[in-house]
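Report on one structure; see the data block that follows.
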Amino acid sequence: MESPLSSVISISSVPSCVSEVVLNQQVSDAPLALDQTGPLIIDLNGRQLFDSGDGDMELVFNGTRFETHRYLIKRFKKWAAINPELRPGSTMYVTGTASPEDFGRMLRVLYATTLEGPFEFDTPTLVSALHVATDYEYPALRDYAIRLLERAELPAIKRIEIARRFGLPSWEEPAYWDLCNRDESITEEEASILGISAFVRVANIREKEQRRRGREIDLEREEEVSKLEDRKLGNFNASEEIVALAPSSDDKELQKELSYISRSTESQNTDTEATGSNGRYQPLYTRLNDLFY
């Protein structure tokens, strides 16, 4: 029987199935996804988190070797069955839907949660962490990645893509709403992500929303035109508006008539009394129209 330090654990991981564990069996040689002379050690802010040899196990993910620690790997529920077999010096082989780059980014987030922060991660790193945490059932890491992604300013189509891929239905409705209400047209790439059915629904909603906005704009314009017409027709206080326009005239007779109208308004005479049903002051309005319009 081999020494525990040289034990090798091979895992063939399929997200919908329980991982199969085979002890002391080497996996067929697979090309490394990254050029490396030894196991990769995760860095954070440009500095390695630990020195080579300080990890207590190696994990080969889709052909790329990482040096890491058992206490972190044991947090994944998908690998619970092999936890008792993980000993110092173990090597664990994993294949799955995520890429080696995804796994490396996930380790960066995972190690950061054990250290004093704060740390800032870009969107690809958080999506990678969410991917691996979802595939291999690490709820705490999944929730952590989701919380940070919720704070990020992601485009609507990116939120829809992440929501569909990782089962986040609460993200979808607000993202669709933003997509339907924005001014920019749907791009070909966005249509491809949405799929034909969702794209048609979004296009119909956008068309209805644009028609609604058009009606609102038309109503606002009609109101503005109506206000301008009211002003031109003299639907305002005659004593204030007419006197304000009159001082530029040198016509003494016109000044007298304007003064009379002002006094009549102050004494609160009715329009009929002020203008006269017999058209007594009709010449005044005729002259005003000729002068100002």
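Sequential numbering of the sequence shown, starting at 1, is according to the UniProt record's numbering. The beta carbon of each residue, even a glycine, is placed where N, CA and C say it ideally should be.
- The stretch 186–202 makes contact with the stretch 145–165: 3 or more CB pairs, one atom from each, lie closer than 8 Å.
- Here DSSP, grouped into helix, strand and coil, assigns Y138 to coil.
- Per DSSP, F66 is one residue of the beta strand (DSSP E) stretching across 64–68.
- With a 10 Å radius around the Cβ and a threshold of 16 neighbouring Cβ atoms, I196 comes out exposed.
- In this structure, G104 sits near I42, with a CB-CB distance shorter than 8 Å.
- The Cβ neighbour count for T114, taken over all protein chains shown within 10 Å, is under 16; the residue is labelled exposed.
- Within the DSSP secondary-structure output, F61 pairs in a beta bridge with T64, V94.
- As the crow flies, the alpha-carbon of F199 is around 45 Å from that of R47.
- Annotated three-state conformation of L44 is strand, per DSSP.
- The three-state reading of DSSP puts I193 in helix, counting H, G and I together.
- In the DSSP assignment, F166 falls within the alpha helix (DSSP H) that extends over 156–166.
- When C-beta atoms of the stretch 89–99 are compared with those of the stretch 132–148, three or more pairs fall below 8 Å, so the two segments count as touching.
- Taking the C-beta atoms as reference points, T68 is found nearer than 8 Å to M57.
- The beta carbon of I73 lies closer than 6 Å to none in the same chain, with the five residues before and after it left out.
- Taking the CA atoms as reference points, L219 sits about 40 Å from L168.
- Of all alpha-carbon atoms in P139, I193, D122, G55, the one lying nearest the alpha-carbon of L149 is that of D122.
- In the structure shown, R215 falls within a helical segment according to DSSP collapsed to helix, strand and coil.
- For G55, the three-state secondary structure derived from DSSP is coil.
- Using a Cβ distance threshold of 8 Å, E216 and C180 do not count as a contacting pair.
- Contact between R108 and L44 holds: CB atoms are separated by about 6 Å, below the 8 Å threshold.
- With 16 or more other CB atoms across the displayed protein chains lying within 10 angstroms of its CB, N62 is buried.
- Taking C-beta separations shorter than 8 Å and ignoring five residues to either side along the sequence, the partners of P124 in its chain run R105, following chain order.
- Annotation for L107: the continuous alpha helix (DSSP H) segment containing it runs 100–112.
- According to the DSSP assignment, P174 belongs to the alpha helix (DSSP H) that extends over 169–181.
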